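To start, the structure itself, in structure tokens.
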Amino acid sequence: MRMKSIIETVASEMNTVLSQVREEEALLFSQKLQSAKRIFVTGEGRSGLMGKAFAMRMMHGGFNVYVIGETITPSIEADDLLIAISGSGSTGAIYQFASKAKEAGADVLLVTTNKESKIGSISDGTLVIPAATKYRRPEEPETIQPLGNQFDQAVHLVLDAIIIGTLESSKDQPSFAEMTKRHANLE
């Protein structure tokens with residue numbers, strides 16, 4: 001086994017997946033971030049960890065953002081936005097959160113591989129990440145990676161890129177110093 005070869009294969013897989021993300025979906029995502037009163041993020045397992053990383057960077061950018069399940073997360077309301085991350089688009093708990101968010105009048109954006117999924121059917125928009133999940137559906141790409149690694153890696157990169165683009169297009173773009181000031185200092 002050659003590690004360099006594995007690293008190069010993973011990087012090549014990411015290039016393939018990222019090149020297929022639709023710009024109009026990423027732009028809608030950015031617009032929804034900018035217009036939301038508050039942003040709530042949810043995901044299970046590693047997808048949830050990618051969501052937490054996204055929420056942290058959003059906070060650095062000055063957004064009012066919360067992670068579902070944390071003790072300080074308030075009630076979701078109208079004009080809020082729930083970002084749901086689910087490779088399959090059918091994760092039970094995330095579907096319940098999305099349903100409750102819709103009942104409260106919030107918008108829901110789904111980050112998924114499956115636009116036609118159960119959560120996708122109630123969402124206000126989807127950001128399709130055309131990557132492999134742990135389900136290995138026939139339409140998913142081949143990968144050397146286990147489980148949903150490819151999806152989670154792509155989610156992290158795409159959401160980071162969306163934050164960069166959203167902040168660059170903002171009339172109130174925070175400076176590097178402002179973002180650094182918001183960075184945790186109890187570490």
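Residue numbers for the sequence shown follow the UniProt record's numbering, beginning at 1 and rising by one. Glycine is no exception: its CB is placed at the ideal position from the N, C-alpha and C atoms. Model, not experiment: these values are computed from the prediction.
Close Cβ partners of residue i (< 6 Å) along its chain, the five nearest in sequence each way excluded
| i | result |
| --- | --- |
| Val-21 | Val-158 |
| Gly-78 | As written in the sequence, residue 78 is Ala, which differs from the Gly given in the question. For Ala-78, where only same-chain residues beyond five positions count, the Cβ hits under 6 Å are Gly-105. |
| Ala-101 | Ile-76, Leu-82 and Val-108 |
| Thr-9 | Ile-144 |
| Met-179 | His-60 |
| Lys-134 | Leu-147 and Gly-148 |
| Ala-55 | Val-41, Val-65 and Val-67 |
| Leu-167 | Gly-61 and Gln-173 |
| Leu-170 | Checking the sequence shown, residue 170 turns out to be Ser, not Leu. Here the set comprises nothing. |
Residue i and residue j closer than 7 Å at C-beta
| i | j | result |
| --- | --- | --- |
| Ala-177 | Gln-150 | no |
| Met-50 | Asp-152 | yes |
| Gly-148 | Gly-87 | yes |
| Ala-104 | Thr-42 | no |
| Leu-110 | Thr-126 | yes |
| Val-17 | Ala-184 | no |
| Ile-72 | Ala-98 | no |
| Arg-57 | Ile-163 | yes |
| Ser-30 | Gly-165 | yes |
| Val-67 | Lys-52 | yes |
| Pro-174 | Gly-62 | yes |
| Asp-80 | Lys-32 | no |
Beta-bridge pairing of residue i - partner residues as DSSP gives them
| i | result |
| --- | --- |
| Asp-107 | Leu-81 |
| Gly-43 | Ile-85 |
| Leu-127 | Val-111 |
| Tyr-66 | Phe-40 |
Own chain residues within Cβ distance below 8 Å of residue i, not counting five before or after
| i | result |
| --- | --- |
| Lys-118 | Gly-89, Ser-90 and Tyr-95 |
| Glu-25 | Gly-125, Thr-126, Leu-127 and Val-128 |
| Asp-172 | Gly-62 |
Spatial neighbours of residue i in its chain, beta-carbon cut-off 7 Å, leaving aside the 5 residues before and after
| i | result |
| --- | --- |
| Lys-115 | Thr-126 and Val-128 |
| His-156 | Met-50 and Ala-53 |
| residue 208 | The displayed coordinates of the chain run from 1 to 187. Any statement about residue 208 would go beyond what the structure contains. |
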